[in-house]
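What follows is a set of notes on a single structure, which appears directly below.
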Amino acid sequence: MRSMRSNKSKSRGHDPPTHDAPTHSSQTNHQTSIELTTQRKRDLLASVGFLEQDEELPQVQLAGSIRSNKDQHRYQTKEEEYYHEKEERRRRKQQMKNSHRIDFDEFDFHFQDEYIDEEDKHRTEDEDLSDNSDDEYSLNSQGSNTMQSSKSGIRCNIATKLVYVLAMVAAFIYIFGDDSSNKTDEKPIEHEYYSYQGYKDARMPDDDQYGGGSSFQDGVGSSDNSAASSQHGIDVKSNIDTTSSEHDIDTTNSIDTPSTKHETGVPNEESIWQNLSGYADLSEPYNPDEGDIAFFWHVPKCGGTTLQDLMMHCMGMVGANEVGGAYANDNEPLQIVQMENGNRYVNVDVTQVDGIQHALDMGFASSGLADVALSSRFHNVASLFLTNSDQYANTVARGRCFALLRHPVKRAISMFYYLRDATWEHTYSEVYKSMTIEEYAVSQYAEDNWMVRFLTNEMSGILNDGHLDLAKQILQSKCLVGLLEEFPQSVKRFNRYFGWDQTDFQGGPVPMSDRGMCVARVMSKPDNVHEHPNHGEGSEVWVKLMEKNVFDIGLYEHAVELFHSVQVKLVGD
C-alpha cells in the first residue's frame, strides 16, 4: 500500500485534471495501472464489508480506458454514500408520514401529505454507477446531474400548483355552479371539515345559565331549575342574569321575553309561537325587496366563523353582530362602519340583550342597512322584527332564519377543549384547565341540550319530549338547515335560497369577479383550526355526553332528515 501511495504521489504532478481521462504511454504502464486499480478495488470493498480480505475480486468487463486511482476511489465513495443517503431518505420519509396525521378541532380532518419521489433525482447517479467512461464524474457530468435534478423539482412544483388551482376552481364551481342535471342521493360523510373556533368578535352568549358549558357557575343546565336559579339570582321568567359581573345587563332596559312554560313544566306553545312571529315561515317565498332580512342563528362550534368570513369578506355583505356594537352610540344614527380589512357592519350589537334592545329602539330591522344579522339569541332577535320605529313605520321587516348544526356530542367535546384555551372569552375559567374531559362529561358544566333550550326558550329546568317535539317544529318551519358535516353543500344551499350567488354586494373588500378565489381560499384554510384529542363513538366520554344531550341528539337527527329530504325542495338541489 505504501508503494501504491508513493506511486500515486509521484505521478500526481503529471496527471491531468481529475475530470479528464488518464494518459497511458506504454503497454507496461497500462498493465501496472490495471493491477493497481484491481488491488485498490479489493481494499476498498473489503473496508466497507462488501468483500472478505482474501476473497477474489469479481471479474467485471470494463468499457473504455481505465480510471485513475483517484477516480476509482471517488467511485467507491459515491456508491457508499448513495446507498447510505437512499436509506436515510427512506427513513425520513416514513418518519414525516407518521408525524403528519393531524386531527383538527371539529372535523377530524386527516391530512396525508404528498411527498415528491426523489428516485428521479438520483436516477442519474444510478446510471453513473453502471457507466465506466473516463469522464463519468467530470464537471460537465455533475452539472448535467444538477440541471436534471433541478428540472425534476421544477416540474413537481408546477404540477403541485396546478393541482391546487384545479381544486380551488372545482370548489368554486361546486358551490356556485348549477348541478341540476347531476342529481344524486347524497349521504352524510363521516368527517367534519370546518370548525367554529370563535374570535374575540364572535363570542358565545354571555348569559351564564344558558344551556350549560358557557360558564362555571353552579346549576348550569341542572335539572333542579328553581333551586339553582334562585341560588344565583336568575329570574327564570325573564331569562336575564341579574348576578353581578363585568357583563351586567341593565334589566330595566332589556327586552321582556314572556314566560314560555306553565307551572307544570310543559312548554307554553302559544306564547312561544307568538314570540317567534317575527320570523317568516320557510313556506313563504323569500323577498328581500319586501323587507326580509337573513338571520344566521349562530350555534357555537358549528362552523360559524368560517361562514361569517365567506359572507362578510368574500361576498361583501353588511353584517350585524357584536363587531359593529363597538361603534354603537345613543346619540349617533344607524350607520355602516367599515373595518381595516374591508368588512362592513351596522353599528349595533344583536348578540347581547341590551344591544338587541338598542337596535330595536333605533329601527334596525326596518332600516335595510344590514344584509344579514348574526346571533345565538333566537328568541330575543325575533323581537327585532315585531316593532318598527317611527322613522321606518311604513316598512315591515321579517327575519329569515338559517343555521349550521353539528352532532351534539362532537360539539360538546369541542366546546370543552375550546373553553380550556379561550382566554379571550369572558366565559373563560381556570376550572376547565384543571379538569379532564372525563370529569367534564359528568360535571354540571357540560353541555345540556343547548339547541333545544334555545329554540324553546327553556334555559333551565327539566326538559321533556314536549320540548323536543316543539323544537323540531320550530326548526322545520322557521330555519333553513345546514350541516357542518356537509359544509360545501350547505353554503351552496344558502347561496341559492337567498340569491347571494347572483347578488353583487357593492362596496365590499372583494370584487364579485374575485369572489370565487376568495371562497376557495377560505374553505381550504378554515379559521382558527384547533387540535384536540378525539373521543370516538362508544367511548366513555361519548356515552356520558350523549346521556346529557339526548334531546339535542334527537333534534340533530331531525335536522339531518330536513337537510337531505324535506328542505331539498326549497332550493331545487
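So for the sequence shown, full-length UniProt numbering puts the first residue at 1; every next one is plus one.
Quick reminder that beta carbons are idealized off the backbone N, C-alpha and C, glycines included.
Being a predicted model, the structure only gives us computed values, none of them experimental.
Take the Cβ of residue i as the centre, count every other Cβ of all protein chains shown within 10 Å, and call the residue buried at 16 or more, exposed below.
i           : result
H407        : buried
N140        : Caution is warranted here: a pLDDT of 46 is assigned to N140, below 50, making its placement in the model unreliable, and the coordinate value is therefore given only provisionally. With fewer than 16 other Cβ atoms within 10 Å, it is exposed.
G499        : exposed
residue 600 : It is not possible to answer for residue 600, since the shown part of the chain is limited to 1 through 573.
T160        : exposed
K548        : buried
G278        : buried
G319        : buried
D504        : exposed
V519        : buried
N321        : buried
A170        : exposed
V165        : exposed
G507        : exposed
D349        : buried
D465        : exposed
Between which two residues does the alpha helix (DSSP H) carrying residue i extend?
i    : result
W450 : W450 to T456
V409 : P408 to D421
I437 : I437 to A441
T351 : Where T351 is concerned, there is no enclosing alpha helix (DSSP H), given that its DSSP letter is neither H nor E.
K569 : V568 to V571
A328 : Taken as a continuous stretch (DSSP letters only), A328 belongs to no alpha helix (DSSP H), as it is neither H nor E.
E485 : Here E485 belongs to no alpha helix (DSSP H), and DSSP marks it neither H nor E.
Q308 : G304 to Q308
L555 : V550 to E561
H379 : F378 to A382
V522 : R515 to S524
F364 : F364 to S367
V431 : E430 to K433
Would you please state the rounded distance, in angstroms, between the beta carbons of residue i and residue j? I believe it to be under 8 Å.
i           : j    : result
residue 577 : L555 : Because the chain in this structure spans residues 1 to 573, residue 577 falls outside the shown range and cannot be described.
C401        : W297 : 5 Å
I437        : A370 : Going by Cβ atoms, the distance from I437 to A370 rounds to 39 Å, so no, they are not a contact pair.
H558        : K472 : 5 Å
L405        : V299 : 6 Å
F563        : L483 : 5 Å
F494        : L480 : 7 Å
L307        : L570 : 18 Å between Cβ atoms; not a contact.
By DSSP's criteria, residue i is part of a beta bridge. Which residues make up the other side?
i    : result
V318 : R344
Q338 : R344
I293 : G399
C479 : C401
Y279 : G399
Do you know how far the Cα of residue j is from the Cα of residue i?
i    : j    : result
T305 : I154 : 37 Å
G325 : Q357 : 12 Å
N347 : A328 : 5 Å
H313 : A382 : 26 Å
E332 : G363 : 13 Å
V568 : N343 : 31 Å
H379 : V353 : 11 Å
S367 : S539 : 51 Å
N501 : K492 : Before going on, a small fix: residue 501 reads as Asp here, not Asn. Between D501 and K492, the C-alpha separation is close to 9 Å.
I173 : A167 : 10 Å
G516 : A280 : 30 Å
K301 : V163 : 31 Å
E485 : T351 : 25 Å
N534 : V541 : 10 Å
K86  : R92  : 10 Å
P509 : A359 : 25 Å
G303 : E269 : 30 Å
N275 : E458 : 13 Å
A441 : E447 : 8 Å
G399 : Q335 : 20 Å
V266 : D552 : 18 Å
R496 : D330 : 37 Å
R411 : K544 : 14 Å
E88  : C156 : 21 Å
What residue does the beta strand (DSSP E) around residue i start on, and which one ends it?
i    : result
V372 : V372 to S375
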